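Okay, structure first, notes after.
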Amino acid sequence: LDLTDEQQRVLMLTHRGFVRSGAELVGAARDRLRDVREQLAVLGTDFTQNLLEDERAWYMELNEDDLQGLPDFVVSAARAAGEEKELSNPAITLSRSLIVPFLQFSPRRDLRERAWRAWTSRGANGGETDNREIAARTLALRAERAELLGYDDFAHYKLETEMAETPDMVEELLMKVWTPARASAAADAVRLQAMLHEDGESGQLEPWDWRYYSERRRSEEHDLNEAALKPYLQLDRMIEAAFACAGRLFGIEARPVDVPRYHPDVRAWEITRDGQHLAIFLGDYFARGSKRSGAWCAALRSQRKLGSEVSPVVVNVCNFAKPPKGQPALLSYDDARTLFHEFGHALHQILSDVTYESVSGTSVARDFVELPSQLYEHWLEVPEVLAEFATHAETGEPMPEELLTRLLDAANYDMGYQTVEYVAAALVDLDFHRGDPPTDPMQRQAEILDRIDMPHAITMRHATPHFAHVFSGDGYSSGYYSYMWSEVMDADAFEAFGEAGDPFDPATAKRLEDHILSTGGTRDAVELYTAFRGRMPGPDALLRGRGLVA
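Residue numbers (the working numbering): 1196 to 1745.
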């Protein structure tokens, strides 16, 4: 066949997709596979709806005494949440942008425990919204699906098309990171335990204590706390910063535009380069009752050139706390990183330059798709970016240089905790899909965490009943590791800019666009990264970036 490289790639992927969907099966096996896929689709939807209902239903009403010790931004968010619930008092809900800062700042250990237990028991409260049986049925059906298609287990089926290729390769990476991360977290736990006892509390450090004492320790050791940072991290200014970095790197511009939107909170921009239209970008930034938790990027229309030029329409969805009317929206530093992360995904769609929609934008291997998003987070940490765009909401003054320095110096603070909670979840996901499926996923989860010696005061980032990445659909099943696999590359990729001596080096940015951001899935992911960097990376850059190297 006289085909271009892209056409050959599309043909191969299309054929492989048909085979992996069961095109070669016949008779009863084909019928059973269709039934299994239909059941999995229903279970994924039910899992999501149950989780949303649990998140929507729970709240903890607070009186004025309960607000003592909370910074103004948490109090304002709690008052707004109470008003939204039509309560006479402030309230804490299960919106991540509210419950996490409450756990960071509330000195009331009893209230922290109530909030933490509600947050971590989503999907496991009994009744119609309980997800535990759904998880068990999902794992059993996935295993059957893999068997019908001729694979040892679902993990081998899923990983066949990824960069990692095998479960053993995934486990090897995760354990290389787990060992130093657990050691770091264990050392931190000793200090936090001492702080707990200094407060006159008895017993051991609990999961609802970690964020509170960690925030206090950060304030003491780095003279830095979230309440001091937040006035400088206005949503509008962080959006401007994300656009400005993309402008310096890739020459694009963003201007507000009036287009139909699906909700009044949604904002829209036209993205252009050299006066030419590239895309429409939508930002849906605020939490609301009808929206599932988390943050994500979606292409409402993907770029393609087949037949005619079609430009993308891309949306970033977040769950930031909506401010009271007339007040600016303020972000935590983690929120700001999320904004940059999701815009990195958006750039993968916006800068796509392919012929076929099936390989456009983020249509790449799951363990490659997080590279552009995680890489883009690094530009938030470039000092000149924060110096320009981190301005005080009331005075307009830039973030003081000493505060900026303390912020960047503390970039790896509590990284042991963050890494442990993530890697534990990735290991549980991987184990669930290897070998025979567990009849009781909660028991298997406990066994895995015991085997890896999970610290008592840290829980996995997403427990099974609310592990939406894995159970709301097949996207990240056996694939939650992909964030870390991509981080190996993003840490190494950003070092390329460091080696060039400029975080906005034009030549490096052009290579990044030419070989990663514009190419979609037109070539193998290893080939793309090697074309950009000249080689594949090891985990050393990741460990250095997380401060986990002695």
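Glycine included, every Cβ here is placed at the ideal spot set by N, Cα and C.
Please read these numbers as outputs of a predicted model, since none were measured by experiment.
Whole-angstrom Cβ separation of residue i and residue j, contact assumed at under 8 Å?
i: L1525; j: Q1429; result: 6 Å
i: D1757; j: R1303; result: The requested residue 1757 does not occur in the structure, where the chain is confined to residues 1196 to 1745.
i: D1685; j: L1566; result: 5 Å
i: H1755; j: Y1427; result: Because the chain in this structure spans residues 1196 to 1745, residue 1755 falls outside the shown range and cannot be described.
i: A1142; j: P1650; result: Absent from the structure is residue 1142, since the part of the chain shown begins at 1196 and ends at 1745.
i: W1464; j: P1455; result: With 8 Å as the limit, W1464 and P1455 do not qualify as a contact, their Cβ atoms being about 14 Å apart.
i: A1808; j: L1625; result: Given that the chain is displayed from residue 1196 to residue 1745, the structure contains no residue 1808 and the question cannot be resolved.
i: G1222; j: H1661; result: So it is not a contact: roughly 39 Å between Cβ atoms.
i: Y1675; j: A1620; result: 6 Å
i: D1156; j: S1409; result: In the structure as shown, the chain starts at 1196 and stops at 1745, and residue 1156 therefore has no counterpart that could be examined.
i: A1482; j: S1290; result: 5 Å
i: L1622; j: I1653; result: The pair is not a contact, with the Cβ atoms about 13 Å apart (cut-off 8 Å).
i: M1255; j: A1310; result: 6 Å
i: P1296; j: S1527; result: 7 Å
i: F1242; j: V1269; result: That belief does not hold up - the Cβ atoms of F1242 and V1269 are roughly 30 Å apart, past 8 Å.
i: M1433; j: F1213; result: Wrong, their Cβ atoms sit about 43 Å apart, outside the cutoff.
i: G1668; j: G1239; result: 5 Å
i: I1447; j: L1473; result: 6 Å
i: P1632; j: A1335; result: 5 Å
i: V1554; j: V1205; result: 6 Å
With which residues is residue i paired in a DSSP beta bridge?
i: Y1254; result: T1288
i: S1451; result: With the sequence shown as reference, residue 1451 is identified as Pro, and Ser is not the correct amino acid for it. In DSSP, P1451 forms a bridge with W1464.
i: F1515; result: F1481
i: R1496; result: V1508
i: T1361; result: None; T1361 has no bridge partner.
i: P1593; result: T1586
i: L1206; result: DSSP, once it has assigned bridges, lists no residue as partnering L1206.
i: L1525; result: Q1429
i: W1311; result: W1311 is not bridged to any residue.
i: R1491; result: Note that residue 1491 is Trp in the sequence shown here, rather than Arg. Looking at the DSSP assignment, W1491 forms a beta bridge with V1512.
So the beta strand (DSSP E) residue i belongs to, where does it begin and stop?
i: G1478; result: 1471-1481
What are the boundary residues of the alpha helix (DSSP H) that residue i is part of?
i: F1627; result: 1610-1627
i: D1645; result: 1636-1646
i: Q1263; result: Taken as a continuous stretch (DSSP letters only), Q1263 belongs to no alpha helix (DSSP H), as it is neither H nor E.
i: R1703; result: The amino acid occupying residue 1703 in the given sequence is Thr; Arg does not appear at that position. First-last of the alpha helix (DSSP H) with T1703: 1701-1707.
i: Y1724; result: 1720-1728
i: I1329; result: 1327-1343
i: D1548; result: D1548 -> no alpha helix (DSSP H), and no H or E assigned at all.
i: L1354; result: 1349-1354
i: V1554; result: It is not in any alpha helix (DSSP H) - V1554 carries neither H nor E in the DSSP assignment.
i: P1633; result: Taken as a continuous stretch (DSSP letters only), P1633 belongs to no alpha helix (DSSP H), as it is neither H nor E.
i: P1650; result: Careful: P1650 lies outside any alpha helix (DSSP H) and carries neither H nor E.
i: S1323; result: According to the sequence provided, residue 1323 is Glu. The question's Ser does not apply to it. It is not in any alpha helix (DSSP H) - E1323 carries neither H nor E in the DSSP assignment.
i: L1566; result: 1561-1572
i: A1736; result: 1735-1740
Inter-stretch contact (C-beta, 8 Å, three-pair minimum) for the region 1275-1289 and the region 1490-1510:
no
Inter-stretch contact at 8 Å, needing at least 3 Cβ pairs: the region 1260-1280 / the region 1335-1345:
no
Evaluate the contact criterion for the region 1510-1518 versus the region 1402-1422: three or more CB pairs, one atom per stretch, below 8 Å.
no
Sequence ranges, alpha helix (DSSP H) only - wholly within the region 1659-1692, length at least 4:
1663-1666
Counting Cβ pairs, one atom from each stretch, are 3 or more of them under 8 Å apart for the region 1668-1685 and the region 1565-1579?
yes
Three or more beta-carbon pairs under 8 Å between the region 1663-1677 and the region 1351-1366, yes or no?
yes
At least three beta-carbon pairs within less than 8 Å, the region 1394-1401 to the region 1486-1500
no
Check whether the region 1726-1734 and the region 1705-1714 are in contact - that is, three or more C-beta pairs closer than 8 Å.
yes
What are the uninterrupted segments assigned as beta strand (DSSP E) that are 3 or more residues long and contained completely in the region 1380-1444, given in chain order?
none
Can we say the region 1693-1704 touches the region 1529-1540, given the rule of at least three CB pairs closer than 8 Å?
no
Is it a yes or a no for the region 1319-1333 touching the region 1653-1668, going by three-plus beta-carbon pairs under 8 Å?
yes
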